[in-house]
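A.B. asks: I am attaching a structure below and will ask some questions about it afterwards.
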Amino acid sequence: MNLFLLTQPDAFYIPKLLDQFIEEKPESTDVVGAAVLPGEIAVENVPDYLRLMGVRGTVLNGLDFVRHKALDVLDQAVRLDDVYSVRGALRAHDIPEHTPENVNDPAFPDFLREQNVDLVVSIACPQIVREELLECPPEGVINIHGALLPKYRGKLPSFWVLANGEEKTGVTVHYMNEDLDDGPIIVQKEVPIRPSDTLHSLVLRSKVQYGASALADAVQQIEDGTVEMTDNPEDEATYFSFPTPDAIARFRDRGRRIR
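Per this note's numbering: the sequence shown = residues 2 to 260.
So, in structure tokens, the structure goes:
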């Protein structure tokens with residue numbers, strides 16, 4: 002079965018998730034390409050991160066990002082033992098990178114057909130996937146979300162579960178439709194929330210440690226034809242956007258930190 006990935010640039014989480022997923026996926030499954038689309042790493046998003054992390058946190062996060070960029074450049078020269086960018090993860094596994102402006106352009110599904118793509122996998126795809134693309138691959142389009150759907154649909158679910166004092170969260174792999182984090186559930190794994198968890202540690206544990214294996218499990222089920230779908234009911238859904246000042250204050254009042 003041929004897979005194609007939809008994702009975005011990142012230094013901290015997606016590279017590790019990609020690397021681990023590719024190691025754990027079925028041997029009979031080939032990742033034939035990946036579209037790396039402009040996403041959350043953008044100058045216009047800096048004010049949001051300042052509100053969320055404060056000046057000190059934003060500066061420290063920025064310095065860590067620069068460190069990852071430098072290590073990624075070094076990795077291109079002498080292969081290191083870790084991955085420091087999405088492109089680095091793709092390089093490590095010899096996966097061709099593509100940069101379409103819009104995955105909903107009619108030319109993109111045509112390209113996927115030319116590549117004999119059976120299944121499209123969204124890992125933080127920053128664009129809404131429309132009907133023509135959803136119907137293009139024979140096995141559909143699946144997505145991994147960092148929460149136990151139908152709860153905590155939307156942005157930064159790991160922040161919101163910490164801000165709301167939840168005792169557990171999880172990851173969900175589901176079929177996509179045109180609605181936000183909607184579509185039948187294929188695999189779901191619970192992740193306990195620890196008293197010491199920061200936003201960073203929780204995302205790493207849920208999306209990487211649990212998420213990669215959940216995604217590999219879902220791909221295996223699809224390939225084997227053994228998927229037993231679970232409902233993702235709209236009437237039980239909760240939705241969250243970028244954290245408000247009140248939510249950030251609640252997050253901090255609970256003793257939670259970004260890192």
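The beta carbon of each residue, even a glycine, is placed where N, CA and C say it ideally should be.
Remember, predicted model here, so these are calculated numbers, not experimental data.
So who's on the other strand from Ala36, going by DSSP bridges?
C.D. replies: For the purposes of this step, residue 36 is identified with residue 35 of the sequence shown, where counting begins at 1. BP columns for Ala36 point to Leu7, His99.
A.B. asks: Taking its Cβ as the centre, do 16 or more other Cβ atoms sit within 10 Å of Met177, making it buried, or is it exposed?
C.D. replies: Position 176 of the sequence shown, counted from the first residue, corresponds to residue 177. With 16 or more other Cβ atoms within 10 Å, it is buried.
A.B. asks: Using C-beta distances below 7 Å, list every residue in its chain close to Ala93, excluding the 5 sequence neighbours before and after it, in chain order.
C.D. replies: Position 92 of the sequence shown, counted from the first residue, corresponds to residue 93. Closer than 7 Å at Cβ, skipping near neighbours: Asp20, Val84.
A.B. asks: List the whole-angstrom C-beta distance separating Gln221 from Pro27, where the pair is believed to meet the contact cut-off of C-beta under 8 Å.
C.D. replies: As a position in the sequence shown, residue 221 is number 220, starting the count at 1. As a position in the sequence shown, residue 27 is number 26, starting the count at 1. The pair is a contact, with the Cβ atoms about 5 Å apart (cut-off 8 Å).
A.B. asks: Keeping to the same chain, check which residues put their C-beta closer than 7 Å to that of Asp218; ignore five residues upstream and five downstream.
C.D. replies: Taking the sequence shown and counting its residues from 1, one reaches residue 218 at position 217. Around Asp218: Val188.
A.B. asks: Can you list, in chain order, the residues of its chain with a C-beta nearer than 7 Å to that of Phe160? Leave out the 5 residues immediately preceding and following it.
C.D. replies: What you label residue 160 is simply residue 159 of the sequence shown in a count that begins at 1. Leu200, Pro244, Phe252, listed in sequence order.
A.B. asks: DSSP beta-bridge partners for Lys152?
C.D. replies: By 1-based counting over the sequence shown, the position of residue 152 is 151. Listed as beta-bridge partners of Lys152 by DSSP are no residues whatsoever.
A.B. asks: Can you check DSSP and say which residues form a bridge with His69?
C.D. replies: As a working mapping, residue 69 is identified with position 68 in the sequence shown. DSSP lists no partner for His69.
A.B. asks: With DSSP as the reference, label Leu205 as helix, strand or coil.
C.D. replies: As a working note, residue 205 is residue 204 in the sequence shown. In the structure shown, Leu205 sits in a helix (DSSP, three-state: H, G or I).
A.B. asks: Determine whether the beta carbon atoms of Phe22 and Gly155 lie at a separation below 8 Å.
C.D. replies: Counted from its first residue, the sequence shown places residue 22 at position 21. Counted from its first residue, the sequence shown places residue 155 at position 154. For Phe22 and Gly155, no; Cβs fall outside 8 Å.
A.B. asks: Would Thr133 and Pro158 qualify as a contact pair, given that the criterion is a beta-carbon distance under 8 Å?
C.D. replies: On the sequence shown, residue 133 is found 132 positions in, with the first residue counted as 1. On the sequence shown, residue 158 is found 157 positions in, with the first residue counted as 1. For the sequence presented, residue 133 should be read as Glu rather than Thr. Contact: no.
A.B. asks: So, using beta-carbon positions, are Ala164 and Ile15 closer together than 8 Å?
C.D. replies: What you label residue 164 is simply residue 163 of the sequence shown in a count that begins at 1. What you label residue 15 is simply residue 14 of the sequence shown in a count that begins at 1. No, the pair does not count as a contact, with Cβ atoms beyond the cut-off.
A.B. asks: Can you name, in chain order, every residue of its own chain whose Cβ lies under 7 Å from the Cβ of Asp180, other than the five neighbours on each side?
C.D. replies: As a first step, residue 180 is located in the sequence shown; it is residue number 179 there, counting from the start. So the list is empty, once near-sequence residues are dropped.
A.B. asks: Evaluate contact between the stretch 226-237 and the stretch 25-42, counting only Cβ atoms and requiring at least three cross-stretch pairs below 8 Å.
C.D. replies: Judged by Cβ distances under 8 Å, the stretch 226-237 makes no contact with the stretch 25-42, as fewer than three pairs qualify.
A.B. asks: Since Leu120 and Ile223 should fall inside the 8 Å C-beta cutoff, what is the C-beta to C-beta distance between them, to a whole number of angstroms?
C.D. replies: Here residue 120 refers to the residue found at position 119 when the sequence shown is read from its first residue. Here residue 223 refers to the residue found at position 222 when the sequence shown is read from its first residue. Confirmed, about 6 Å.
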